[in-house]
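Q:
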Amino acid sequence: MEPDLLMLDEPTNHLDLESLLWFQSYLQNFKGAVLMISHDREFMDAIAQKTYDISETKLVEYKTHYSGFVKQRFERYEQLFAAYKNQQKEIKDLRNFCNKFRSVSSKAAQVASKEKLIEKIDVLEKPRAPRKPVRFNFPQPTRGGQRAIVLDKIDFAYGDLQIYKGLDLTIEREERTVLVGPNGAGKSTLLKILAGVLEPQAGERIVGHNPKIGYFSQHRSDTLDPEKTVLEETMESAAHAEIKEDEARAVLGSFLFRKDDVYKKTGILSGGEKSRLNLVKFLVDPPNLLLMDEPTTHLDIMSIEALILALDRYEGTLVFISHDVHFIRKIAKKVLHVTGGEARPYYGDYNYFLEKSGAEDARAAVTA
359 MEPDLLMLDE PTNHLDLESL LWFQSYLQNF KGAVLMISHD REFMDAIAQK
409 TYDISETKLV EYKTHYSGFV KQRFERYEQL FAAYKNQQKE IKDLRNFCNK
459 FRSVSSKAAQ VASKEKLIEK IDVLEKPRAP RKPVRFNFPQ PTRGGQRAIV
509 LDKIDFAYGD LQIYKGLDLT IEREERTVLV GPNGAGKSTL LKILAGVLEP
559 QAGERIVGHN PKIGYFSQHR SDTLDPEKTV LEETMESAAH AEIKEDEARA
609 VLGSFLFRKD DVYKKTGILS GGEKSRLNLV KFLVDPPNLL LMDEPTTHLD
659 IMSIEALILA LDRYEGTLVF ISHDVHFIRK IAKKVLHVTG GEARPYYGDY
709 NYFLEKSGAE DARAAVTA
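What follows is the structure in structure tokens.
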């Protein structure tokens with residue numbers, strides 16, 4: 359028996375793309391009501407018919423999905439700000455009149471009338487502008503070789519479970535590649551082989567000229583010193599770049615380390631906080647080959663947008679795995695479809711991949 363109401367708090371966080379798309383399809387056909395919190399824009403657009411905005415101790419209803427909400431919220435802000443400005447001008451004009459004619463006896467009645475008007479005005483609060491992702495001038499990585507990394511006839515297995523047999527793969531400089539494919543196909547394994555975290559049983563991993571490789575994973579926190587603060591870790595990573603402390607604090611703020619959070623020692627951080635800090639460290643000291651496994655999992659919507667803006671300006675080579683379709687559409691310029699022990703390249707963005715893979719929808723594309 360299905361429930362009448364599903365209440366979901368970040369339901370997509372630990373789903374791969376295949377699972378997410380199945381879950382999205384399930385909710386679209388669910389007969390009951392759904393109340394959820396999510397940072398996945400495309401998922402919300404596919405599911406939500408109504409959006410509630412909670413800010414400044416108020417809850418405002420928008421009868422639309424997330425993208426419609428963003429547009430309507432800005433329009434509402436413009437209307438509220440225009441009303442606030444008009445009222446402030448009205449109050450200023452009334453006060454100027456009173457100040458100008460207060461000592462003129464013939465204007466006493468008018469002054470008194472306008473002062474009463476001022477007292478009766480229900481003063482509007484100045485509306486706060488919707489939060490926007492912050493743009494930073496992050497340093498650029500050193501230039502690597504034309505071929506960032508090559509896998510030559512790689513074999514890899516977990517015991518008797520063969521994942522790859524004779525795999526060939528070339529990643530060129532400045533490519534932005536997303537790995538997609540069904541659960542268990544070996545996407546994370548492939549990323550770890552590229553990073554040098556896993557050694558293949560056969561074949562060769564050839565790294566290009568002047569390599570500086572960064573590997574980001576949700577489960578990798580051993581790079582942090584437990585005795586250092588969040589800010590100290592960030593400033594240490596930024597030592598080679600001209601990043602000041604206030605700039606570092608602004609970057610950390612965009613990734614949800616606000617105010618005194620920057621003085622927390624990394625040893626007491628949660629797994630999600632450690633993940634976000636490692637992400638910041640890569641941005642302030644970028645490698646020329648960046649390998650990322652689900653970088654958006656512990657971010658909110660504005661943090662994801664800040665990451666998109668940063669990666670949009672990144673001049674190195676990027677290979678990543680993500681279940682966030684909005685993030686994939688914004689970042690990927692090449693798709694590797696990992697399935698059946700192969701990694702088939704599609705030299706175009708995610709929409710190109712959907713078209714050329716012959717899939718009718720995104721789910722079919724990643725489960726084939």
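Throughout, the numbering used here is defined as the position within the sequence shown, counted from one, plus 358.
In this text, a Cβ means the ideal position worked out from N, Cα and C, and glycines have one as well.
1) Over the uninterrupted beta strand (DSSP E) stretch that includes Gly-572, give me the two end residues.
2) Tell me which same chain residues have a C-beta within less than 6 Å of the C-beta of Leu-378, skipping the five on either side of it?
3) Per DSSP, which one or two residues make a beta bridge with Thr-697?
4) Take the Cβ of Phe-685 as the centre, count every other Cβ of all protein chains shown within 10 Å, and call the residue buried at 16 or more, exposed below.
5) When DSSP labels each residue in this structure, what does Met-359 get in the three-state scheme?
6) Would you kindly check if the distance between the Cβ of Gln-386 and the Cβ of Ile-412 is under 8 Å?
7) Measure the CB-CB distance between Ala-664 and Ser-612 and report whether it falls below 8 Å.
8) Of all the options Leu-637, Tyr-708, Ile-564, Lys-623, which has the alpha carbon lying nearest to the alpha carbon of Val-609?
9) Checking 8 Å against the spacing of the C-beta atoms, do Pro-645 and Gly-572 come in under that value?
10) Can you check which of these residues, Val-469, Ile-449, Thr-581, is closest to Lys-458 by C-alpha distance?
11) Measuring CA to CA, which of Ile-679, Glu-400, Leu-417, Ile-521 is closest to Tyr-424?
12) Look up Val-555 in the DSSP assignment and say whether it is helix, strand or coil.
13) Compare the C-alpha of Val-344 against each of Leu-589, Ile-564, Ala-597 and name the closest.
14) Using the C-alpha atoms, what's the distance from Pro-491 back to Glu-600?
15) Please classify Val-536 as buried or exposed, where buried requires at least 16 other C-beta atoms within 10 Å of its C-beta.
16) Residue ranges of each beta strand (DSSP E) run of no fewer than 3 residues wholly in the region 449 to 495, ordered along the chain?
17) Do you know offhand how far Ala-729's Cα is from Val-677's?
18) Since Leu-641 and Ala-668 are thought to touch, with beta carbons under 8 Å apart, how far apart are those beta carbons, to the nearest angstrom?
19) On the DSSP letters alone, give me the boundaries of the beta strand (DSSP E) that Arg-534 sits inside.
20) Could you spell out where the beta strand (DSSP E) holding Gln-407 opens and where it closes?
21) Let's see if you can read the secondary structure: which residues bound the alpha helix (DSSP H) around Gln-520?
22) Here's the rule I'm using: 16 or more other beta-carbon atoms within 10 Å means buried, otherwise exposed. How should Tyr-708 be labelled?
23) How would you call Phe-388, buried or exposed, if buried means at least 16 neighbouring beta carbons within 10 angstroms?
A: The short version:
1) Counting along the chain, the beta strand (DSSP E) containing Gly-572 begins and ends at 571 to 574.
2) These residues qualify, in order along the chain: Thr-370, His-681.
3) In the DSSP assignment, Thr-697 forms a beta bridge with Glu-700.
4) Counting Cβ neighbours within 10 Å, Phe-685 comes out buried, since at least 16 surround it.
5) Residue state for Met-359 is assigned as coil, using DSSP reduced to three classes.
6) Against a cut-off of 8 Å, the Cβ pair of Gln-386 and Ile-412 comes out as no contact.
7) Closer than 8 Å, so yes.
8) Closest by alpha carbon: Leu-637.
9) Yes. Within cutoff.
10) Ranking the options by Cα distance to Lys-458, first place goes to Val-469.
11) Among Ile-679, Glu-400, Leu-417, Ile-521, the Cα nearest to that of Tyr-424 is on Glu-400.
12) When secondary structure is reduced to three states using DSSP, Val-555 falls in the coil class, being assigned neither helix nor strand.
13) A question about residue 344 goes unanswered here, because the residues of the chain that appear run from 359 up to 726.
14) Taken atom to atom, the span from the alpha-carbon of Glu-600 to that of Pro-491 is near 22 Å.
15) When all chains shown are included, Val-536 counts as buried.
16) With a minimum length of 3 residues, there is no unbroken run of beta strand (DSSP E) contained wholly in the region 449 to 495.
17) Any question about residue 729 goes unanswered here, given that the chain covers just 359 to 726.
18) 5 Å between Cβ atoms; contact.
19) Unbroken beta strand (DSSP E) run through Arg-534: 534 to 538.
20) Looking at the DSSP string, Gln-407 is not in any beta strand (DSSP E), and its letter there is neither H nor E.
21) No alpha helix (DSSP H) contains Gln-520, which is instead part of the beta strand (DSSP E) from 519 to 530.
22) Buried.
23) By the 10 Å Cβ count, Phe-388 comes out exposed.
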